[in-house]
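So the structure is just underneath, and the comments pick up after that.
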Amino acid sequence: MLAWDTDVLPFSQMQRRIQRKTIGEKMLREVPVIFLAYDVLEYQQQDWRERPLRERRALLQELLVNNAESAIRISPSVSAEEWTALATQRESSRERMVEGLMLKRLDSPYRSGRIRGDWWKWKIEPLTIDAVLLYAQPGHGRRANLYTDYTLAVRDGDNYVPIAKAYSGLTDKEIQKLDHWIRRNTVEKFGPVRSLKPKHVLEIAFEGIQPSPRHKSGIALRFPRISRWRQDKPVAEADTLEQVKDLLRLYGG
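Heads up, the sequence shown is in the working numbering, so the first residue is 95 and it goes up one at a time.
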């Protein structure tokens, strides 16, 4: 399901509908949606999942006709003679508001779960920013006694504005080292959350960026995670809110 108006709309527009219990006529006009079909699993009470992809796609093309009025469309297929040509198309993914290419063998059946070999998600490289560790709280499960859930911020003049929460990406050794530092450099406590001295810079990787009135920064990052601990970088060199807004203007909706 996609927000669509002659072309795909940013996911932030789709979220406007997802967050509503009831959708009025105004919202239906402002954020129309379509169903983008890419496969056929069953047809005329027959299971088609074991049939090769080329047959399933051929049936899909028979059943659906893409036109400007249709609420059900066919997901376009991409073909190329060489890997370099595919790589070029992959690099333009972010401009088309997708995460990359899904490569599939034409003779592959439809398999449930994470089956390797027939399909391959060839994602583009994530966007990254350098942010400052501002808050921390304990994790869950085996990490319940360690501070592993972090709130990270970017510089805004002399202040810091929270930009994302992240809890994955560091090694166990790095987590232990940072936990040791957090316990000795807490400024304030708010229940399980500790406010920290702005000392450490972490590089955050994320798949997308969009405006968000619910966040103090006005920005939401999609799937943020820690890609590395920038122990070589002082907080004065962390990214600024204006730099993140530049990314929003380039890649956001």
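Glycine is no exception: its CB is placed at the ideal position from the N, C-alpha and C atoms.
Every value quoted in this text rests on a predicted model; they were computed, and no experiment measured them.
Would you call GLY207 buried or exposed, if buried means 16 or more other Cβ atoms sit within 10 Å of its Cβ?
-> For this step, residue 207 is matched to residue 113 along the sequence shown. Label assigned to GLY207: exposed.
Do you know how far the Cα of PRO220 is from the Cα of ALA230?
-> Numbered from its first residue, the sequence shown carries residue 230 at position 136. Numbered from its first residue, the sequence shown carries residue 220 at position 126. Looking at the two C-alpha atoms, the distance is approximately 24 Å.
Spatially closest choice to THR129 from ASP99, LYS115, LYS217 and ALA181, by CA coordinates = As a first step, residue 129 is located in the sequence shown; it is residue number 35 there, counting from the start. Residue identity differs from the one stated: residue 129 is Phe in this sequence, not Thr. The shortest Cα separation from PHE129 among ASP99, LYS115, LYS217 and ALA181 belongs to ASP99.
Does DSSP classify ALA152 as helix, strand or coil?
-> Within the sequence shown, residue 152 is the residue found at index 58, counting from 1. Helix at ALA152.
Among ARG277, THR265 and ASP250, the one whose alpha carbon lies nearest that of LYS310 | Position 216 of the sequence shown holds residue 310. If we check each option's Cα against that of LYS310, ASP250 comes out closest.
Helix, strand or coil for VAL125 per DSSP?
-> For the purposes of this step, residue 125 is taken as the residue at position 31 of the sequence shown. DSSP places VAL125 in coil when its eight states are reduced to three.
Apart from the five residues on each side of it in sequence, which residues of its chain come closer than 6 Å, Cβ to Cβ, to LEU180?
-> To locate residue 180, count along the sequence shown from 1; it is residue 86. Cβ within range, chain order: ALA174.
Under 7 Å between the Cβ atoms of ARG322 and GLU297?
-> As a working mapping, residue 322 is identified with position 228 in the sequence shown. As a working mapping, residue 297 is identified with position 203 in the sequence shown. The answer is yes: Cβ separation under 7 Å.
Fully enclosed by the region 234-295, which alpha helix (DSSP H) runs are 4 residues long or longer?
-> 266-278
Same chain, Cβ closer than 7 Å to ARG114, neighbours up to 5 away in sequence not counted | Walking along the sequence shown from the start, residue 114 turns up at place 20. MET121.
For PRO232 and PRO286, believed in contact at Cβ under 8 Å, the rounded distance = The count along the sequence shown starts at 1 and reaches residue 286 at position 192. The count along the sequence shown starts at 1 and reaches residue 232 at position 138. Their Cβ separation, rounded to whole angstroms, is 6 Å, which keeps PRO286 and PRO232 in contact under 8 Å.
When you compare only the Cα positions, how much space is there between GLU226 and ASN279?
-> Mapped onto the sequence shown, residue 226 falls at position 132. Mapped onto the sequence shown, residue 279 falls at position 185. One detail in the question is off: residue 226 reads as Val in this sequence, not Glu. Straight-line Cα distance between these residues: approximately 14 Å.
Could you work out which residue in ALA258, LEU240 and GLY346 is closest to VAL248 when comparing CA atoms only?
-> Here residue 248 refers to the residue found at position 154 of the sequence shown. Per the Cα distances, ALA258.
Counting only runs that start and end within the region 299-341, where is the alpha helix (DSSP H) found for 4 or more residues in a row?
-> none
7 Å Cβ cutoff met for TYR244 and ALA260 | Numbered from 1 along the sequence shown, position 150 holds the residue referred to as residue 244. Numbered from 1 along the sequence shown, position 166 holds the residue referred to as residue 260. Their beta carbons are under 7 Å apart, which means TYR244 touches ALA260 by this criterion.
Return the CA-CA distance between PHE284 and GLY194, expressed in angstroms with no decimal places.
-> Position 190 of the sequence shown, counted from the start, is the residue given in the question as residue 284. Position 100 of the sequence shown, counted from the start, is the residue given in the question as residue 194. Taking the straight line joining both Cα atoms gives about 40 Å.
Is TRP142 helix, strand or coil by DSSP?
-> Numbered from its first residue, the sequence shown carries residue 142 at position 48. Coil.
Going along the chain, which residues of its own chain have a beta-carbon closer than 7 Å to the beta-carbon of VAL255, five neighbours each way excluded?
-> The count along the sequence shown starts at 1 and reaches residue 255 at position 161. ALA247, VAL248, LYS310, SER311 and LEU335, listed in sequence order.
When LEU147, MET108 and THR116 are compared against GLU124, the one with the closest alpha-carbon = Here the question's residue 124 lines up with position 30 in the sequence shown. Nearest option by C-alpha distance: MET108.
Can you tell me which of ILE117, ASN239, ASN253 and LEU197 puts its alpha carbon nearest to the alpha carbon of VAL329?
-> In the sequence shown, the residue the question calls residue 329 occupies position 235. Ranking the options by Cα distance to VAL329, first place goes to ASN253.
Is the beta carbon of ALA332 less than 7 Å from the beta carbon of VAL295?
-> Start at 1 with the first residue of the sequence shown, and residue 332 comes out as number 238. Start at 1 with the first residue of the sequence shown, and residue 295 comes out as number 201. For ALA332 and VAL295, yes; Cβs fall inside 7 Å.
Classify ALA165 as buried or exposed, calling it buried when 16 or more other Cβ atoms lie within 10 Å of its own Cβ.
-> On the sequence shown, position 71 is the one that residue 165 refers to. Exposed.
Nearest-angstrom beta carbon gap, ILE320 and ILE313 [assumed within contact, 8 Å] | Position 219 of the sequence shown, counted from the start, is the residue given in the question as residue 313. Position 226 of the sequence shown, counted from the start, is the residue given in the question as residue 320. The Cβ separation is near 18 Å, so there is no contact.
Is GLY118 buried or exposed, if buried means 16 or more other CB atoms sit within 10 Å of its CB?
-> Looking up residue 118 in the sequence shown gives position 24. Under this definition GLY118 is an exposed residue.
VAL338: buried (16+ other C-beta within 10 angstroms of its C-beta) or exposed?
-> The residue you call residue 338 lines up with position 244 of the sequence shown. Buried, since its Cβ has 16 or more Cβ neighbours within 10 Å.
Got a sec, what are the start and stop residues for the alpha helix (DSSP H) MET108 sits in?
-> Along the sequence shown, one-based indexing puts residue 108 at 14. Element bounds for MET108: 105-112.
Neighbour-count burial assignment, ASP340, 16 or more Cβ in a 10 Å radius | Reading the sequence shown from its first residue, position 246 is the one you call residue 340. ASP340 should be labelled exposed.
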